[in-house]
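A.B. asks: Per the UniProt record's numbering: the sequence shown ends with 138, consecutive numbering throughout.
Handing you a structure now.
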Amino acid sequence: MNPCLTLNELAEFLDGAFPSETRASLGAVVDVQAGHVRMTLDPNPSMVRPGGIVSGPTLMALTDVAAYAVVIAHHGRKEMAVTNGLSISFLRACKMETIIADARLLRLGRRLTTVDVRLWQQDENYLVAQSTVSYSLP
């Protein structure tokens, strides 16, 4: 499962795929490897919920974009790949610090791809959230 896009090619694709005014709130690709993409997000005040923690919708958006990124990195520029399912478990409060998203391919199919996404902050053994995402391909 070697990627068909480099880190720079994937970052460029994502920059063009999303509206420029929302792109910064969706995270940045920092690593692309076989079967794996890593992204980071530095949350801003618009992403906070009561209690001073990052909101669930922000974490779901990062999860979805990370899954999309690993699909695109391994299938190529398929803009019409769409989320088929997303199941997320919030495991602990997410502080207003850098969030790391690790997206790993579980199954790379011709029409359906399944991805495991794990969100963490300072320690990857101390997960903030875990999700399974499936993408349908055109």
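Where a beta carbon is used, it is the ideal one built from N, C-alpha and C, also for glycine.
By DSSP's criteria, Ser46 is part of a beta bridge. Which residues make up the other side?
C.D. replies: Locating residue 46 in the sequence shown gives position 46, counting from the first residue. Ser46 pairs with nothing; no bridge assigned.
A.B. asks: Judging by CA-CA distance, which residue of Gly35, Val133, His36 is the nearest neighbour of Ser89?
C.D. replies: The residue labelled residue 89 in the question sits at position 89 within the sequence shown. Among Gly35, Val133, His36, the Cα nearest to that of Ser89 is on Val133.
A.B. asks: Which of the three DSSP states, helix, strand or coil, is assigned to Phe90?
C.D. replies: For the purposes of this step, residue 90 is identified with residue 90 of the sequence shown, where counting begins at 1. Here Phe90 sits in strand by DSSP.
A.B. asks: Can you tell me the Cβ-Cβ gap for Glu79 and Ala17, rounded? I've got them flagged as a contact below 8 Å.
C.D. replies: Here residue 79 corresponds to residue number 79 of the sequence shown, with the count starting at 1. Here residue 17 corresponds to residue number 17 of the sequence shown, with the count starting at 1. With a Cβ gap of about 6 Å, Glu79 and Ala17 count as contacting.
A.B. asks: Under the three-state reduction of DSSP, which class applies to Tyr68: helix, strand or coil?
C.D. replies: By one-based count along the sequence shown, residue 68 stands at place 68. Reduced to three states, the DSSP call for Tyr68 is helix.
A.B. asks: Looking at the strands, I want to know which residues DSSP matches up with Tyr135.
C.D. replies: Along the sequence shown, read from residue 1 onward, the residue named residue 135 stands at position 135. Answer is Thr83, Thr113, bridged to Tyr135.
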